[in-house]
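Protein chains in written order, with the numbering used here: chain A, 14 to 452; chain B, 2 to 354.
We treat Cβ as the ideally placed atom computed from N, Cα and C, and that holds for glycine.
Predicted, not measured: the structure shown is a model, and the values here were computed from it.
Since the structure comes first, as structure tokens, the remarks are kept for the end.
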Amino acid sequence: MTKFTRRALVQGGTAMGAAGALTGPALLDWAKAWAQAAPWKPEKGAKLSMLRWKYFVQAEDDAFVKLCEAFTKATGVKVDISRESYEDVQPKASVAANTGTGPDLFWGLYSLPHLFPQKCMDVTDVADYLGKKYGGWVPSAVQYGKSGNKWICIPICYSGNMLNYRIDASNKAGFSKFPDKSDAFLEYAKAMKAQNTPGGFALGHASGDGNGWVYWCLWSQGGNAVDKSDKVIINSPETAKALEYAKQLYGAMIPGVASWNDASNNKAFLGGEINWTDNGISIYVAAQKDPTKKQIADDMNHSFWPVGPVGHPTELHLMYPVLAMTYTKYPQACKALMAFMLEADNFNPWIESAQGYLTHCLNAYDANPVWTADPKRAPFREAAKRSLTAGGLGSVGEKAATAIADFVVLDMFANYCLGREDVKGSIAIAERQLKRIYR
Amino acid sequence: MRCDPRPRFLLAENNRGPASAVHRFALHRVRDTESGMTDLALDSIKPAPRAATAWDRLKTNRNWLGAWFMLPAAAFLILFLAYPLGLGVWLSFTDARLGRGGEFVGFENYEYLWDDSTFWLSVFNTLLYTGVASTIKFAVGLYLALLLNERLPFKAIIRAVVLIPFIVPTVLSAIAFWWLFDPQFSIISWSLKKMHLITTNIDFLGEVWNARWSVIFANVWRGVPFVAITLLAGLQTVSPSLYEAATIDGATSWQRFRYITYPLLTPIIAVVMTFSVLFTFTDFQLIWVMTRGGPVNATHLMATFSYQRAIMSGYLGEGAAISTAMIPFLLFAILVSWFGLQRRKWQQGESND
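The structure is reproduced here in structure tokens:
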């Protein structure tokens, strides 16, 4: 089926544009030695299939295919990779978990393993092995990875969402340093608008950029959708404060953000229409690649999200965990591959090939040259460390994922910013929806 | 009922030779359809045939055969239309989530939706969208049809050009409109600014009412050719002699339209508008590409809202309830035009088919 053609295509592509560091017999030798020493011995005749999210960066996928090929050569275990857009991995994995057939491994979005924790293989030994070897896991990765006392997945990487801004315009507005507090950020936004170089956050149904900023805003002011026991606590003075803050910020944005989707701010930033927004590193990478946009690439930088009154970072970045299904016939092979992916000799070139789109969640990889080669990438290095989980204070799982997918918080903010509802009304609508999701 | 004379002829032949398959078939048919008289005649010709069993009768029954011919089509409809529809209705009574079955919860989904302001907003949007867009499409379509029915230079080319919006895949035209209505890069805003008519960009899709009118405009642009071309086909069936007679009687052009064109066109108008309303009511692609139901659900139609809840959020049961809630509206639209058609038949005195 398509799997073969896709795979053939990818292989063809890799052969032509091989990523330097990965090639050569050195990798193979290392892989063989690794296979000898690794605590997981794949079953005889084992074959694995994996469904992963579709790449943003071709080079990343190429590097991943290389990595799997090395694994095959070292262990004799074939790895079949198929790809789906990241939003579609979840339904497929759910069906596979229900029916007990399908790919052995799934590599999807943050809460995926928590939709069916009892169907995920216990990979505590792999997580412990990697954690010990590579400086420990970042806190949010532990939250995403564990269900009870067991690790049910291996967090592979994050995809960071940071503030993007134009340097010149910010300097002119009197901010030679990007504001690191939310109040200062509001002043910054107002000053930028006043000198006719506004920016904006998506307030339309934008899964990544829209949710990214509204959760930051809610959390930074001390608001929360649910508490530790998943009780809905959205109806609070802090939420009201967050709404007021957002409305002021919205007033300082460029008109039209209510219709923005995930792509809108990219094109507006690259078109020189906006001067600050929230995004992954894609705007910067696109600007670097396009010679006509060179002055934008030179004149832009990234920053962490400003810290609000709560006094600690309240950022939300996407996490990509890989899980193995309990129905797999080759559990040892699955574990071996998971560990293999995150070993330094594989992971370093792989994360480097992603050019900053992806951030590691094992502390030792802070030293990867991808973060130092270009200082403008540096904020993305911290994405995993600064990220909270999709559930906020509450559990990571289906409910949190549903609340995000249904844009409950985003619509609450949009309702108030656009003047469709007052503070009470916007919160009441969100509260009602959340109560249904968290019942 | 009269009988086809051919079998009798065949019967006579049958007397002299061995009965071929065709003959036998014909013979059975006669037996089947005719009264005892034929049977008598048969008996006298063919020596002692065995008594016709129920199976014999069934084998040669035309209705039975017809049922078999109908079966593939029926199976197709049941499998791909009736079953999914039934399943959808069933799902709306369960708490099914995407990727896993649910349990029967009665009217729980409907009760939740009843108090859900977003649901009612989507109903309002759908009715507004359907009502306004269909009316404009009808008015503009009829006007275009009348225009194209006149003697025009390059008539064929103009008619072909009118069809273009209908030919372009909806998603492509939606993307084109999405760019036209972009808050930053809209060519409309740009042109108006260059003409010094406005100073800031128009926020087409970011303001509630702007967004509604924008998607309605896109829908009208897309739907007009269908109405116009179909009505044009209807116009061309109107006999010119009626117009000649009316002209001789001194009718004004408005009278000609009112008393000739309009009555003769009504059956087609009813059909076209039924389709137009159904298509508009269930529209999905335009909205999904242009606004995803935003800003703040102000352009969510029932179809897009159902998709949002069922597929994006995974609440399959609730999504099914939303789409099931569309059925009464659609049935109403169909019934209106159906009874309308009936009445017109009666009006025009066409009692025989």
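Residue-level contact to chain B via CB, G148 of chain A, 8 angstroms cutoff:
No, no contact with chain B.
CA-to-CA distance, L332 of chain B to L153 of chain B, given in whole angstroms:
Taking C-alpha positions only, L153 of chain B is separated from L332 of chain B by approximately 40 angstroms.
Say whether chain A places a C-beta atom closer than 8 angstroms to the C-beta of L92 of chain B.
At a cut-off of 8 angstroms between beta carbons, L92 of chain B makes no contact with chain A.
Can you tell me the Cα-Cα spacing of W229 of chain A and S277 of chain A, whole angstroms?
Distance between the alpha carbons of W229 of chain A and S277 of chain A: 20 angstroms.
Relative to the C-alpha of L176 of chain A, which residue among A:A238, A:K194, A:D42, A:A50 is closest?
Comparing Cα positions, the closest option is A:K194.
Which term fits H330 of chain A, buried or exposed, when burial requires 16 or more other beta carbons within 10 angstroms of its beta carbon?
It is buried - the Cβ of H330 of chain A has at least 16 other Cβ atoms within 10 Å.
Going by DSSP, name the residue or residues bridged to V333 of chain A.
Checking the displayed sequence, the identity of residue 333 of chain A turns out to be Tyr instead of Val. Partner residues in the beta bridge of Y333 of chain A, as assigned by DSSP, are A:C170.
For D358 of chain A, name the three-state secondary structure that DSSP assigns.
Looking at D358 of chain A - three-state DSSP - the assignment turns out to be helix.
The region 408 to 421 of chain A: which residues have C-beta closer than 7 angstroms to a C-beta of chain B, in chain order?
Per Cβ criterion, the list reads T415, A418, D419.
May I have the straight-line CA-CA distance separating K163 of chain A from K132 of chain A, to the nearest angstrom?
Here the alpha carbons of K132 of chain A and K163 of chain A stand approximately 13 angstroms from one another.
By Cβ distance, which residues of its chain are closer than 7 angstroms to T137 of chain A, with the 5 residues on each side in sequence left out?
Same-chain partners within the cutoff: K163, W164.
Helix, strand or coil at W120 of chain A according to DSSP, with G and I counted as helix
Residue state, collapsed to three classes: strand.
How would you call S36 of chain B, buried or exposed, if buried means at least 16 neighbouring beta carbons within 10 angstroms?
In this prediction, S36 of chain B scores a pLDDT of 45, lower than 50, which makes its location untrustworthy; no coordinate-derived value is stated.
Under the assumption that W363 of chain A contacts E82 of chain A (Cβ atoms under 8 angstroms), give the Cβ distance between them as a whole number of angstroms.
Not quite, the Cβ-Cβ distance comes to about 13 angstroms (not below 8 angstroms), so this is no contact.
In terms of DSSP beta bridges, what is I94 of chain A paired with?
A:M63, per the DSSP bridge assignment.
Could you list which residues in chain A have their beta carbon closer than 8 angstroms to that of N202 of chain B, in chain order?
Within chain A, the residues near N202 of chain B are P268, G269.
L181 of chain B versus V172 of chain B - alpha carbon distance:
Between L181 of chain B and V172 of chain B, the C-alpha separation is close to 14 angstroms.
Under the three-state DSSP convention, the category L28 of chain B falls into
Because L28 of chain B sits at a pLDDT of 43, beneath the cut-off of 50, its placement in the model cannot be relied upon, and the point is left open.
Rounded separation between L64 of chain A and V102 of chain A - CA only
Cα to Cα, L64 of chain A sits roughly 7 angstroms from V102 of chain A.
To the nearest angstrom, how far is it from the Cα of Y370 of chain A to the Cα of L80 of chain A?
Their Cα atoms are separated by approximately 19 angstroms.
Residues of chain B with CB under 8 angstroms from E286 of chain A, in chain order?
Within 8 angstroms Cβ-Cβ: Q185, F186.
Where the alpha helix (DSSP H) through L375 of chain A begins and ends
L375 of chain A: not part of any alpha helix (DSSP H); DSSP gives it neither H nor E.
Under 7 angstroms Cβ-Cβ, which residues of chain A neighbour R293 of chain B?
Chain A residues near R293 of chain B: G217, H218, N274.
Enclosing beta strand (DSSP E) for D75 of chain A [first to last residue]
Counting along the chain, no beta strand (DSSP E) covers D75 of chain A; the unbroken alpha helix (DSSP H) around it starts and ends at 71 to 88.
Between the C-alpha atoms of Y178 of chain A and D116 of chain B, what's the straight-line distance to the nearest angstrom?
It is roughly 43 angstroms from the alpha-carbon of Y178 of chain A to the alpha-carbon of D116 of chain B.
From I442 of chain A to A418 of chain A, what does the alpha carbon distance come to, in whole angstroms?
One C-alpha to the other measures close to 16 angstroms.
Just how far apart, CA to CA, sit F282 of chain B and I270 of chain B?
Each residue's Cα considered, the two are about 18 angstroms apart.
Buried or exposed, going by whether 16 or more other CB atoms sit within 10 Å of the CB of F108 of chain B?
F108 of chain B comes out exposed.
How is Y178 of chain A classed by DSSP in three states: helix, strand or coil?
Strand at Y178 of chain A.
Using alpha carbons as the reference points, say which of A:V409, A:G405, A:L375, A:A386 lies closest to G144 of chain A.
The shortest C-alpha separation from G144 of chain A is found at A:L375.
Would H373 of chain A and A403 of chain A be called neighbours here (beta carbons separated by less than 8 angstroms)?
The Cβ atoms of H373 of chain A and A403 of chain A lie no closer than 8 angstroms to each other.
Tell me which residue opens and which closes the beta strand (DSSP E) that D291 of chain A is part of.
Counting along the chain, the unbroken beta strand (DSSP E) around D291 of chain A starts and ends at 289 to 292.
Residue-chain proximity (N111 of chain A, chain B), Cβ-Cβ < 8 angstroms
Cβ-Cβ to chain B under 8 angstroms: yes for N111 of chain A.
State the DSSP-derived secondary structure class of W318 of chain A, mapped to helix, strand or coil.
In the structure shown, W318 of chain A sits in coil (DSSP, three-state: anything other than H, G, I, E or B).
DSSP-derived helix/strand/coil call for T95 of chain B
Residue state, collapsed to three classes: strand.
Report yes if the C-beta distance between L232 of chain B and L164 of chain B is below 8 angstroms; otherwise report no.
With contacts defined as CB atoms closer than 8 angstroms, L232 of chain B and L164 of chain B fail to qualify as a contacting pair.
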